[in-house]
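Q: This is the structure I have questions about; it appears just below.
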Amino acid sequence: MAERITVHGLCVRETEIGEADKIITLVTMEYGRLSVSGKGVKSLKSRHMAATQPFAYSLFTLRKSKKNYYIEESELIECFWEIRGDIEKLSLAAYICDVCADVSVEGEADPELLRLTLNSLFAVNKGMQTEKVKAAFELRCAEVIGFCPDLTVCGACGCELSGDSYIDIMNGRLLCRDCKPRAEREEELEGSTSRLYMLLSPGTVAAMRYIVQSAPERFLSFNLAEDDMHLLSQVCEAYLTNHLEHGFGTLNFYKSILL
Ligand SMILES: [Zn+2]
11 MAERITVHGL
21 CVRETEIGEA
31 DKIITLVTME
41 YGRLSVSGKG
51 VKSLKSRHMA
61 ATQPFAYSLF
71 TLRKSKKNYY
81 IEESELIECF
91 WEIRGDIEKL
101 SLAAYICDVC
111 ADVSVEGEAD
121 PELLRLTLNS
131 LFAVNKGMQT
141 EKVKAAFELR
151 CAEVIGFCPD
161 LTVCGACGCE
171 LSGDSYIDIM
181 NGRLLCRDCK
191 PRAEREEELE
201 GSTSRLYMLL
211 SPGTVAAMRY
221 IVQSAPERFL
231 SFNLAEDDMH
241 LLSQVCEAYL
251 TNHLEHGFGT
261 LNFYKSILL
C-alpha cells in the first residue's frame, strides 16, 4: 500500500484518547476497514473535526507512518445531520455502523456493503420508519456478505410456498408446513439442539425476496402491514445475529428505547 492514500470513508466507530485525540474506524470504498489516528481532532480548532464525527462520510487523504494512518486532508461529503437529534434514529444508526464495522474486512474493499450502509443511514436520516430500515439492512447485509437464505421454494421438498411457511434460521432455508415437523423430528433423532424455526406470513416472505433481489438503491421500496413488519424485523435480526454468532450492544440499546 502507498505511503499516501485517498479514500472515501464512513466513520463507524471512535475511541476517545485523552482530551483531544481519537482512534477512528473508517469503512472505506477503496480499502475496506481502516483504523486511523485522529490526533487533535476533538479540538474545536481542528479542521478535521467535522469529518471525524460518528456517521460522517468524507474524502480523506491519509498518510501511513509505521503501522498507523494519520489524516492529512479531509473533506466532509455527508454528515447525516438529522440522525443526531433523535435518540431512536441515533441508536439505529449506531447499530448499522456497528454491523458494518464488524463484517467489513481490514484492507479489503467491499463497496456494496458500504453503499448499503450509506443508503440505510440516508433513509434513517430522512425519517423512514426505523424498524423497516433495520430489518431490510440486516437481511441485505447477510446477502452482501454471502450467506443469504434460499427464499425461492421449500428447501426440503422443493414445493412452491403458499400460505404460512417457516424459516429454518440455522440452515438458511424456507420450509413448508409439511416439511417443518419432519425437519424437527429428524433433528431430534440426530440430537441436534441448534434448530431455530420462525413462522413467516406470505407478506413477510414476499418482502424478504424483494429486499435481497431489488436494485441496491431500491431495497427499501416496499410496504408491509404493521404486524408483518414486526415479524420481518424479528426474523431478519435473528438471521443476521445467528449467522454472525454474536449480538450487539448497540442493538440491545436500540431495542431498549422502543420499549
Ligand atoms: Zn416442503
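By the count of the numbering used here, the sequence shown reaches residue 269 at its end, each step adding exactly one. In this text, a Cβ means the ideal position worked out from N, Cα and C, and glycines have one as well.
Under 8 Å Cβ to Cβ from S53, same chain only, skipping five residues before and after it: list those, please.
A: Position 43 of the sequence shown, counted from the first residue, corresponds to residue 53. A30, M59, listed in sequence order.
Q: In three-state terms, what does DSSP make of G117?
A: Within the sequence shown, numbered from 1, the residue matching residue 117 stands at position 107. Note: G117 maps to coil in three-state DSSP.
Q: Consult DSSP for I81 and reduce its assignment to one of helix, strand or coil.
A: Position 71 of the sequence shown, counted from the start, is the residue given in the question as residue 81. Here I81 sits in strand by DSSP.
Q: How many Å lie between C189 and R195 at the Cα?
A: Indexing the sequence shown from 1 puts residue 189 at position 179. Indexing the sequence shown from 1 puts residue 195 at position 185. Each residue's alpha carbon lies about 10 Å from the other.
Q: Going by C-alpha distance, which of P64, E26, L102 is nearest L86?
A: Residue numbering aside, residue 86 sits at position 76 when the sequence shown is read from its first letter. Per the Cα distances, P64.
Q: Say yes only if the C-beta of A166 is nearer than 6 Å to one or more non-hydrogen atoms of ligand 1, and no if none qualify.
A: Your numbering for residue 166 matches position 156 in the sequence shown. Yes, the beta carbon of A166 sits closer than 6 Å to at least one heavy atom of ligand 1.
Q: Opposite R183 in the DSSP bridges: which residues?
A: Residue 183 sits at position 173 when you count from the first residue of the sequence shown. According to DSSP, R183 bridges with D160, D178.
Q: Starting from C151, trace the alpha helix (DSSP H) both ways and give me its first and last residue.
A: Mapped onto the sequence shown, residue 151 falls at position 141. Looking at the DSSP string, the run of the alpha helix (DSSP H) that includes C151 is 140-154.
Q: Is it buried or exposed, E247, if we count other Cβ atoms within 10 angstroms and call 16 or more buried?
A: The residue given as residue 247 occupies position 237 in the sequence shown. Buried: at least 16 other Cβ atoms inside 10 Å.
Q: Can we say the stretch 98-107 touches the stretch 116-134, given the rule of at least three CB pairs closer than 8 Å?
A: Yes, the stretch 98-107 touches the stretch 116-134.
Q: Helix, strand or coil for S68, going by three-state DSSP, please let me know.
A: For the purposes of this step, residue 68 is taken as residue 58 along the sequence shown, with counting starting at 1. Note: S68 maps to strand in three-state DSSP.
Q: By the three-class DSSP mapping on this structure, what secondary structure does C21 have?
A: Along the sequence shown, read from residue 1 onward, the residue named residue 21 stands at position 11. Residue state, collapsed to three classes: strand.
Q: Excluding the five sequence neighbours on either side, which residues of its own chain have a C-beta within less than 6 Å of the C-beta of G257, listed in chain order?
A: If you number the sequence shown from 1, residue 257 lands on position 247. So the list reads T251, once near-sequence residues are dropped.
Q: Could you tell me if F157 is buried or exposed, where buried requires 16 or more neighbouring beta carbons within 10 angstroms of its beta carbon?
A: Mapped onto the sequence shown, residue 157 falls at position 147. Answer is exposed; the Cβ neighbour count stays below 16.
Q: Give me the Cα-Cα distance between R125 and L199, rounded to the nearest whole angstrom.
A: Within the sequence shown, numbered from 1, the residue matching residue 125 stands at position 115. Within the sequence shown, numbered from 1, the residue matching residue 199 stands at position 189. Between R125 and L199, the C-alpha separation is close to 44 Å.
Q: Taking the alpha carbon of A146 as the reference point, which residue from S56, L72, N233 has its own alpha carbon closest?
A: If you number the sequence shown from 1, residue 146 lands on position 136. Per the Cα distances, N233.
Q: Give every residue of the same chain whose Cβ lies closer than 6 Å to the Cβ of I15, excluding the five residues on either side of it in the sequence, and list them in chain order.
A: Here residue 15 is taken as the residue at index 5 of the sequence shown, counted from 1. So the qualifying residues of the chain are L72.
Q: What does S47 pair with, by DSSP beta-bridge criteria?
A: Taking the sequence shown and counting its residues from 1, one reaches residue 47 at position 37. Answer by DSSP bridge pairing, in chain order: I33, Y80.
Q: By the DSSP assignment, the beta strand (DSSP E) with L210 in it spans what residues?
A: Working through the sequence shown from its first residue, we reach residue 210 at position 200. 207-210 is the extent of the beta strand (DSSP E) around L210.
Q: Distance check for G165 and I183, CA to CA, integer angstroms please.
A: Numbered from its first residue, the sequence shown carries residue 183 at position 173. Numbered from its first residue, the sequence shown carries residue 165 at position 155. Just to set this straight, residue 183 is Arg in the shown sequence, not Ile. Looking at the two C-alpha atoms, the distance is approximately 5 Å.
Q: Less than 8 Å between C-beta atoms, sequence neighbours within five positions excluded: which residues of the same chain meet that for V115?
A: Within the sequence shown, numbered from 1, the residue matching residue 115 stands at position 105. So the list reads G42, R43, once near-sequence residues are dropped.
Q: Given L206, which residues of its chain have a CB within under 8 Å of its CB, disregarding the five upstream and five downstream residues?
A: Walking along the sequence shown from the start, residue 206 turns up at place 196. So the qualifying residues of the chain are D178, I179, M180, A248, N252.
Q: Measure the CB-CB distance between R150 and I106 and report whether it falls below 7 Å.
A: For the purposes of this step, residue 150 is identified with residue 140 of the sequence shown, where counting begins at 1. For the purposes of this step, residue 106 is identified with residue 96 of the sequence shown, where counting begins at 1. In this structure, I106 does not lie closer than 7 Å to R150 by Cβ.
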